[in-house]
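Throughout the sequence shown, residue numbering follows our numbering, covering 1019 to 1091 in sequence. Ideal placement from N, C-alpha and C gives every residue a C-beta, glycine not left out. Worksheet for the structure shown next.
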Amino acid sequence: MVYFAGGRRKSDICETTGLSMHQKAILTARWRQLPQGIVFDLGKRVFGTLFQKDPNLLVVINLEHLQGTDAWR
1019 MVYFAGGRRK SDICETTGLS MHQKAILTAR WRQLPQGIVF DLGKRVFGTL
1069 FQKDPNLLVV INLEHLQGTD AWR
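Structure follows, in structure tokens:
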């Protein structure tokens, strides 16, 4: 669906994710229903994988002093 906002053509598809507003609303609602433990574990796994592949990314979150160690885990 395309609509006009402020004289500009605008789509209900997110440019970043490619999801429609309806799809994003469904995902948001489901995300909020997840148990906190699952969300914590998911975050831990994502960041663990990310920083194992590229420890230099620790700089982005001000943990550069932990590069070369396992203390960031």
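Quiz item: To which residues does DSSP link residue 1031 through a beta bridge?
Solution: Taking the sequence shown and counting its residues from 1, one reaches residue 1031 at position 13. Per DSSP, 1038.
Self-check item: Range of the contiguous alpha helix (DSSP H) that encloses residue 1056
Solution: By one-based count along the sequence shown, residue 1056 stands at place 38. For residue 1056, the enclosing alpha helix (DSSP H) covers residues 1054-1071.
Exercise. Pick helix, strand or coil for residue 1050, following the three-state DSSP scheme.
Key: As a first step, residue 1050 must be located in the sequence shown, where it is residue number 32. Three-state DSSP puts residue 1050 in a helix.
Self-check item: Spatial distance of residue 1079 from residue 1058 (CA atoms)
Solution: Looking up residue 1079 in the sequence shown gives position 61. Looking up residue 1058 in the sequence shown gives position 40. As the crow flies, the alpha-carbon of residue 1079 is around 18 Å from that of residue 1058.
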